[in-house]
Amino acid sequence: MEKLYKGIHTFGEAYFKKEEDFFKRLSEGQEPEVLFITCSDSRVDPNLVTQSRPGELFIVRNVGNIVPPYEAIKDKNSVAAAIEFAVLSLKVKDIIICGHSNCGAMKALLSDEKEFSQMPHLWEWLQLAMPVRRIVEKFYPQTSIESCEMILEEENILMQLRNIQTYPFVVQALQEGSLYLHGWFYDIRTGSIRAYSPGKDKFEKVE
Numbered sequence: 005m006e007k008l009y010k011g012i013h014t015f016g017e018a019y020f021k022k023e024e025d026f027f028k029r030l031s032e033g034q035e036p037e038v039l040f041i042t043c044s045d046s047r048v049d050p051n052l053v054t055q056s057r058p059g060e061l062f063i064v065r066n067v068g069n070i071v072p073p074y075e076a077i078k079d080k081n082s083v084a085a086a087i088e089f090a091v092l093s094l095k096v097k098d099i100i101i102c103g104h105s106n107c108g109a110m111k112a113l114l115s116d117e118k119e120f121s122q123m124p125h126l127w128e129w130l131q132l133a134m135p136v137r138r139i140v141e142k143f144y145p146q147t148s149i150e151s152c153e154m155i156l157e158e159e160n161i162l163m164q165l166r167n168i169q170t171y172p173f174v175v176q177a178l179q180e181g182s183l184y185l186h187g188w189f190y191d192i193r194t195g196s197i198r199a200y201s202p203g204k205d206k207f208e209k210v211e
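Residue 116 in my numbering sits at position 112 of the sequence shown, and the numbers go up by one each step.
Following this line, the structure appears as structure tokens:
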């Protein structure tokens, strides 16, 4: 905590004072153009990776960068609430679903339920991504564990891109051409981003 307290002091004394006018404008409202859905993993920092400033990204983070299908959770679905707000109120122009390397949530998909006896909420949440595991088991039965995890991470991004298109207002905005979807994979080790190309059906490095 001491490090965080020192950081607060540095922010207030060094950064905030230099950017006081900028933060004054921010305090009056937000107009982000991008909804960025990514994992809760502490190593993933959307603003750092994209070099964006406060106010430019509307960020949703959860374990496994999962988007529950429209009818999956009818009560207390904070992800759905954020998507509604971003698309219908903030009128974002782009939605990015960003997975990453060495994802603990994807590793957990390969585990047995008994390993989560003390984490029932986590196991229940991960069931939303279990179709990804079944895809990998069906189409990549002979794949090594290491390769399997990377495939899971990429397939999960594609699954969430499909899930977000179960939201009627998202589909409408896509059809109107006012909204675009993007699937990104962030490699923590190399710092690179690979974006999914529907035409080529693969992830390609963003240059």
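Where is the CB? At the ideal position from N, CA and C, for every residue including glycine.
Determine whether the beta carbon atoms of residue i and residue j lie at a separation below 8 Å.
i: P50; j: F62; result: no
i: M163; j: P135; result: yes
i: A199; j: G181; result: no
i: V64; j: F173; result: no
i: L165; j: I101; result: yes
i: C107; j: D45; result: yes
i: I2; j: I168; result: In the structure as shown, the chain starts at 5 and stops at 211, and residue 2 therefore has no counterpart that could be examined.
i: V53; j: V71; result: no
i: F189; j: E158; result: yes
Where does the unbroken beta strand (DSSP E) through residue i begin, and where does it stop?
i: E208; result: 206 to 209
In the DSSP assignment, what are the bridge partners of residue i?
i: H104; result: Y190
i: L213; result: Because the chain here runs from 5 to 211, residue 213 falls outside it and cannot be looked at.
Identify the continuous alpha helix (DSSP H) that holds residue i and give its terminal residues.
i: T14; result: 6 to 14
i: I197; result: I197 -> not in any alpha helix (DSSP H); beta strand (DSSP E) instead, spanning 196 to 201.
i: V53; result: 50 to 54
i: D25; result: 24 to 30
i: P1; result: Nothing about residue 1 can be read from this structure; the chain reaches only from 5 to 211.
i: E88; result: 82 to 88
In this structure, how does DSSP classify residue i when only helix, strand and coil are distinguished?
i: T42; result: strand
i: R166; result: helix
i: R65; result: strand
i: Q131; result: helix
i: R47; result: coil
i: R57; result: coil
i: E75; result: coil
i: L92; result: helix
i: E17; result: helix
i: P124; result: helix
i: I139; result: helix
i: I70; result: coil
i: S151; result: helix
Taking just the CA atoms, how far does residue j sit from residue i?
i: M5; j: V48; result: 20 Å
i: T194; j: N160; result: 20 Å
i: Q179; j: I139; result: 28 Å
i: E141; j: W127; result: 19 Å
i: E17; j: V38; result: 30 Å
i: V175; j: S93; result: 16 Å
i: L185; j: P73; result: 16 Å
i: G59; j: K10; result: 24 Å
i: K22; j: G68; result: 36 Å
i: C43; j: K97; result: 21 Å
i: D116; j: Q122; result: 13 Å
i: I87; j: I192; result: 26 Å
i: E153; j: N66; result: 18 Å
i: E32; j: R57; result: 16 Å
Looking at chain D, is there any beta carbon in it that lies within less than 8 Å of the beta carbon of residue i?
i: V136; result: Included in the structure is just one protein chain, with no chain D present.
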